[in-house]
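Counting from 170, one number per residue, gives the positions in the sequence shown under this note's numbering.
C-beta atoms are modelled at their ideal positions from N, C-alpha and C, and glycine is treated no differently.
Just so it is clear, the structure is predicted and the values come from calculations on it, not from any experiment.
Heads up, the thing below is written out as structure tokens.
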Amino acid sequence: APRTPRTLKGNATMDAAVDMRYWSMCKNRSVADGATDACLIDEQVPQDATGKYTIVVSTEAMRPGNARAECGVAWMPWGAGDGVDNPHGGFVIFRHLKPAKGFANSLWSTKTLGDERQVLGPYYPEMSYQAKAAFEARGCPVR
């Protein structure tokens, strides 16, 4: 994860030890609906010592029992689908706000569609689908 200031606890918004002011993941419905069902901001996402994190996005019914902060996992509800009659529709957005000068691995550094993986490098989010039981089998803390 890009390093960000811990402003929820009163730290300054930017200093030399951060990569950007803020990042988040949000679950949005559809272009037609325009609504956002849920977001997680950087400070709500547990990270390991190397800055890696795991976010589970699911319905409440499919939420793995170990998709909780004590297990090193942030959970985000899928919400209402696409908001126009498809409970499975919608999309997840990764957002970056105000990267520090010299931090080149930001979405703000992309120049052409498709260069995101190359530009973000180690900060590029790796996504996968996993069955609830398979995720739960990873234990707590999640391995």
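Handout entry: Nonlocal neighbours in the same chain, by C-beta distance under 8 Å from residue 235, ignoring five residues either side
Key = 242, 304, 305, 307, 308, 309, 311
Practice task
Report buried or exposed for residue 203, applying the criterion of at least 16 other Cβ atoms within 10 angstroms of its Cβ.
Solution key: exposed
Exercise for the section: Mark residue 196 as exposed unless 16 or more other C-beta atoms lie within 10 angstroms of its C-beta, in which case mark it buried. Expected result: buried
Problem - Buried versus exposed call for residue 189 [16 or more other C-beta atoms within 10 Å across all chains shown] - result: buried
Practice task
In the DSSP assignment, find the unbroken beta strand (DSSP E) run with residue 264 in it and report its ends.
Solution key: 260-268
Exercise for the section: Name the two residues that bound the continuous alpha helix (DSSP H) containing residue 286. Expected result: 285-289
Exercise for the section: Quick one: grab the DSSP three-state call for residue 191. Expected result: strand
Practice task
Give the single residue among 233, 228, 239 whose Cα lies nearest to the Cα of residue 247.
Solution key: 228
Exercise for the section: Work out the CA separation of residue 173 and residue 298 for me, nearest whole Å. Expected result: 27 Å
Exercise for the section: Compute the Euclidean distance between the alpha carbons of residue 285 and residue 259, then round it to the nearest angstrom. Expected result: 21 Å
Handout entry: DSSP beta-bridge partners of residue 209
Key = 194
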